[in-house]
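Heads up, the thing below is written out as structure tokens.
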Amino acid sequence: MRTSILLFLLLALAVTSQATCTNDKNPSIRSLTDKTYSYGEEIATPIHLLRPKSGLAGRKVPQTDCLSWRLAVETNNIRDWHLVPMSCEQYVGHYILGKQYKDDCDAVADAAIEYAKSIKLGGKGKEIWVFDIDETTLSNLPYYARSDVQFGALPYNDTKFNEWVATGKAPAIPAILRLYKTLLTLGIKPVFLSGTKEVYQQVRVDNLHKVGYYNWEKLILKGKNEKGSAVEYKSSKRTELVEAGYIIVGNIGDQWSDLLGTNVGARTFKVPDPLYFIG
Ligand SMILES: *[C@@H]1O[C@H](CO)[C@@H](O)[C@H](O)[C@H]1NC(C)=O
111 MRTSILLFLL LALAVTSQAT CTNDKNPSIR SLTDKTYSYG EEIATPIHLL
161 RPKSGLAGRK VPQTDCLSWR LAVETNNIRD WHLVPMSCEQ YVGHYILGKQ
211 YKDDCDAVAD AAIEYAKSIK LGGKGKEIWV FDIDETTLSN LPYYARSDVQ
261 FGALPYNDTK FNEWVATGKA PAIPAILRLY KTLLTLGIKP VFLSGTKEVY
311 QQVRVDNLHK VGYYNWEKLI LKGKNEKGSA VEYKSSKRTE LVEAGYIIVG
361 NIGDQWSDLL GTNVGARTFK VPDPLYFIG
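For this note's numbering, add 110 to where a residue sits in the sequence shown, where the first one is 1.
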């Protein structure tokens, strides 16, 4: 619980450090720092707790650097990174297992649903929505939370990861499942496009079915002969879809490589992922 409060405060700091400085001379606001506040109260209140907790605008709190790192990762400013910094392993763990990650995913899904509801369909059933799978449709958190993985702070092991995929036990990300179900009711057809190897086709289909994804226009996995980067692979598959007459109205993924390249779709949505980078 204390960690949740700290994370919340750090997020508040990122948004409002400017306001905190200008309120410095206001004694009535300062007195608020004597009180304690629970997680989830209005943002205007806990801001003023930051000064005594963090000092020097948070520079003495190591997690602040981890928040900056995560923000830079999410905005594609830091690229081609191989590991979560070991000093941020706990921070990333608390973020991804905690309320903030869930809230962040909900915010993405809410925006995507609002957009999807505004789309006027052509009536020919050609509108599709591209979903990435790992850390978008399905979550590998049970794997990433393991002590021999440490939320991506330890080097990636392909053998181990594939053993986990083969168990078919990845849960859904609830916010994205909600988006998926809404799209079906709107008549927008889901297409799954994943870098998972084709040999895992059956286990992935079973896994998707088991957690509530029961219907899709296409499921595209990576063939043995696919070469090139994730951006190239996904771009070429999306181009094939467009050439087949589909209209990509939306595209959602946890990696920028899902959302960059050609035929990315009318709108893209980034799901948070501070666990790993795929270029
Ligand atoms: C990767 O994981 C496999 C299976 O657990 C293990 O046998 C192998 O030694 C690991 N490789 C490295 C480099 O740690």
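We treat Cβ as the ideally placed atom computed from N, Cα and C, and that holds for glycine.
Assuming contact is defined by CB atoms lying nearer than 9 Å, are L318 and Y324 in contact in what I supplied? Taking the sequence shown and counting its residues from 1, one reaches residue 318 at position 208. Taking the sequence shown and counting its residues from 1, one reaches residue 324 at position 214. Going by C-beta atoms, L318 is nearer than 9 Å to Y324.
Whose C-beta lies closer than 8 Å to the C-beta of E350 among residues of the same chain, with five residues either side of it excluded? If you number the sequence shown from 1, residue 350 lands on position 240. Around E350: no qualifying Cβ.
Sufficient close CB pairs (3 or more, under 8 Å) joining the region 299-308 to the region 236-256: Contact annotation: the region 299-308 touches the region 236-256, with at least three C-beta pairs closer than 8 Å.
Please confirm whether any heavy atom of ligand 1 lies closer than 8 Å to the CB of T277. Here residue 277 refers to the residue found at position 167 of the sequence shown. No, since every heavy atom of ligand 1 falls outside the 8 Å radius drawn around the Cβ of T277.
Contact under 9 Å by Cβ, Y211 with C176: Translated into positions along the sequence shown, residue 211 becomes position 101. Translated into positions along the sequence shown, residue 176 becomes position 66. No, the Cβ-Cβ distance between Y211 and C176 is not below 9 Å.
What does a CB cutoff of less than 8 Å around G215 pick up in its chain, not counting 5 residues either side in sequence? In the sequence shown, the residue the question calls residue 215 occupies position 105. With the sequence shown as reference, residue 215 is identified as Cys, and Gly is not the correct amino acid for it. Within its own chain, the residues whose Cβ lies closer than 8 Å to the Cβ of C215, once the five positions on either side in sequence are excluded, are I283, P284, A285, I286, V381, P382, listed in chain order.
Distance check for F261 and Y253, CA to CA, integer angstroms please. The sequence position of residue 253 within the sequence shown is 143, counting from 1. The sequence position of residue 261 within the sequence shown is 151, counting from 1. Distance between the alpha carbons of Y253 and F261: 8 Å.
Close-in-space but distant-in-sequence residues of the same chain around K328 (CB under 6 Å, 5 per side omitted): For the purposes of this step, residue 328 is taken as the residue at position 218 of the sequence shown. Hits under 6 Å: V301.
Got a sec, what are the start and stop residues for the beta strand (DSSP E) L331 sits in? Your numbering for residue 331 matches position 221 in the sequence shown. Run containing L331: 328-332, per the beta strand (DSSP E) assignment.
Contiguous alpha helix (DSSP H) assignments of at least 4 residues, all confined to the region 300-326: 311-321
With a threshold of 7 Å on Cβ separation, who are the neighbours of N373 within its own chain once the five nearest residues in sequence on each side are excluded? As a working mapping, residue 373 is identified with position 263 in the sequence shown. So the list reads S345, R348, T349, V352, I358, once near-sequence residues are dropped.
Between the C-alpha atoms of D244 and L251, what's the straight-line distance to the nearest angstrom? The residue given as residue 244 occupies position 134 in the sequence shown. The residue given as residue 251 occupies position 141 in the sequence shown. Roughly 10 Å separates the two Cα atoms.
Limits of the unbroken beta strand (DSSP E) element including V359: As a first step, residue 359 must be located in the sequence shown, where it is residue number 249. 357-363 is the extent of the beta strand (DSSP E) around V359.
Reducing DSSP to helix, strand and coil, say where K227 ends up. Numbered from 1 along the sequence shown, position 117 holds the residue referred to as residue 227. In this structure, K227 counts as helix in the three-state DSSP scheme.
Is P265 near ligand 1, judged by its Cβ being under 8 Å from some heavy atom? Within the sequence shown, the letter at position 155 stands for residue 265. Under cutoff, so the answer is yes.
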